[in-house]
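Notes for the one structure printed next.
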Amino acid sequence: MVRRINIRGAGGLRLAAWEFADPPKGVQAGGDRKVPGVLLLHGLMGRASHWAVTARWLSGSYRAVGLDQRGHGRSDKPTDGPFDREAYVADAEAAIEQLGLAPVALVGHAMGALTAWQLAAKRPDLVRAVVLCDMRASALGARSQREWEQWLATWPVPFATLADVRRWFGEEDPVLERPSPSRGDFFAEVMAERMDGWRPVFSRRQVLMIRETWVHDAHWEELALVQCPALVVRGIDGELGRAEAQEMVRVLPRGVYAEVPDAGHLVHYDQPERWREVVEPFLQDALPA
């Protein structure tokens with residue numbers, strides 16, 4: 093069962109939220125909730141469906157909802173934004189309140205993890221726990237933004253087939269150090285068939301606009317304001333290094349560290365079972381069902 097729920101984000105923006113399995117008994121029609129809620133926040137260029145596997149095992153104990161964040165998936169993509177951090181945090185806040193999920197656990201990947209800890213710092217009354225997957229707290233800087241601009245320009249769009257999408261992102265992308273079938277699957281999920289072939293469901297121009305709003309800033313001070321239990325997860329070969337991850341744990345008042353072997357940036361795609369092994373017990377302790 094897949095169910096779409098339409099909600100209103102900051103400024104009245106239309107957002108799509110998704111349930112990928114029947115919620116546990118006790119969740120009633122009309123939004124009444126008798127079990128804990130989990131809101132799943134994808135990363136830049138992601139979409140809620142990237143969380144489908146995670147949402148399904150969570151649904152045995154929680155009401156698990158994935159959110160297509162603004163500019164992504166089936167949510168609105170305003171031409172010129174706003175795409176600032178305040179808008180993303182306000183969208184997640186609105187989703188929690190309209191879906192009746194509070195007090196909630198936030199599970200975020202990359203940009204979604206940043207949204208999670210910024211919201212936890214802003215609204216501790218709404219957030220009971222956070223899982224922060226492979227997102228750096230340090231500023232990435234102007235060079236990183238230029239590299240992204242150059243990389244996005246190399247995409248050979250439109251792709252003729254989804255097999256071509258999987259092959260390019262999983263094998264042929266020049267930024268790859270080694271083949272990654274899971275990366276191919278990840279990007280195939282964010283493509284849609286158009287008249288001339290397969291193209292991303294997001295605007296690459298908007299991706300750069302979104303990233304520009306946070307890539308130049310460090311976010312350590314906000315981490316220090318997160319009072320709830322926080323699990324920092326990194327893949328061994330991910331973008332978040334071990335030293336920085338452990339420093340994030342030190343800064344977080346109630347931080348816990350975990351790393352997943354044989355995983356890169358896309359931890360929940362690369363090693364879904366090991367991802368579950370580190371996340372599930374943390375949530376059971378922090379947000380008992």
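If you read the sequence shown in our numbering, its first letter stands for residue 93, the second for the next number, and so on.
No residue lacks a Cβ here, since even glycine has one placed at the ideal position from N, Cα and C.
- prompt: Between Leu254 and Ala284, what straight-line distance do the alpha-carbon atoms span, to the nearest angstrom?
  reply: Within the sequence shown, residue 254 is the residue found at index 162, counting from 1. Within the sequence shown, residue 284 is the residue found at index 192, counting from 1. Going by the C-alpha atoms only, they are around 9 Å apart.
message: Tell me the DSSP secondary structure of Pro345 in three-state form.
response: Position 253 of the sequence shown, counted from the first residue, corresponds to residue 345. Correct three-state label for Pro345: coil.
task: Using a threshold of 8 Å, state whether the C-beta atoms of Val130 and Val199 are closer than that.
output: Counting from one through the sequence shown, the residue named residue 130 turns up at place 38. Counting from one through the sequence shown, the residue named residue 199 turns up at place 107. For Val130 and Val199, yes; Cβs fall inside 8 Å.
query: Under the DSSP definition of a beta bridge, which residues are partnered with Leu244?
result: As a working note, residue 244 is residue 152 in the sequence shown. The partner list for Leu244 (beta bridge, DSSP) is empty, contrary to what the question assumes.
field: Distance between Thr305 and Ala316 (C-alpha atoms, nearest Å)
entry: Position 224 of the sequence shown, counted from the first residue, corresponds to residue 316. Position 213 of the sequence shown, counted from the first residue, corresponds to residue 305. Distance between the alpha carbons of Ala316 and Thr305: 21 Å.
field: C-beta contact flag for His201 and His360 at 8 Å
entry: What you label residue 201 is simply residue 109 of the sequence shown in a count that begins at 1. What you label residue 360 is simply residue 268 of the sequence shown in a count that begins at 1. Result yes, Cβ atoms of His201 and His360 sit closer than 8 Å.
- prompt: Who are the Cβ neighbours of Phe278 in its own chain at under 6 Å, not counting the five residues just before and after it?
  reply: Reading the sequence shown from its first residue, position 186 is the one you call residue 278. Excluding residues within five positions, the ones whose Cβ falls inside 6 Å are Leu358 and Tyr361.
field: Distance, Val293 Cα to Pro216 Cα
entry: Within the sequence shown, residue 216 is the residue found at index 124, counting from 1. Within the sequence shown, residue 293 is the residue found at index 201, counting from 1. Rounded to the nearest angstrom, the two C-alpha atoms are 33 Å apart.
field: For Asp329, the nearest candidate out of Phe374, Arg296, Met301 and Leu268 (CA to CA)
entry: Counting from 1 along the sequence shown, the entry for residue 329 is found at position 237. Nearest C-alpha to Asp329: Leu268.
task: Taking all protein chains shown into account, decide if Gly70 is buried (16 or more other Cβ within 10 angstroms of its Cβ) or exposed.
output: Because the chain spans 93 through 381 in this model, residue 70 falls outside it and cannot be assessed.
message: My parser needs the alpha helix (DSSP H) runs of 4 or more residues fully inside the segment 140–198; what are they?
response: 144–150 and 177–191
message: Quick check: the Cα distance between Arg155 and Val324, rounded to an integer number of angstroms?
response: Taking the first residue of the sequence shown as position 1, residue 155 is located at position 63. Taking the first residue of the sequence shown as position 1, residue 324 is located at position 232. Straight-line Cα distance between these residues: approximately 22 Å.
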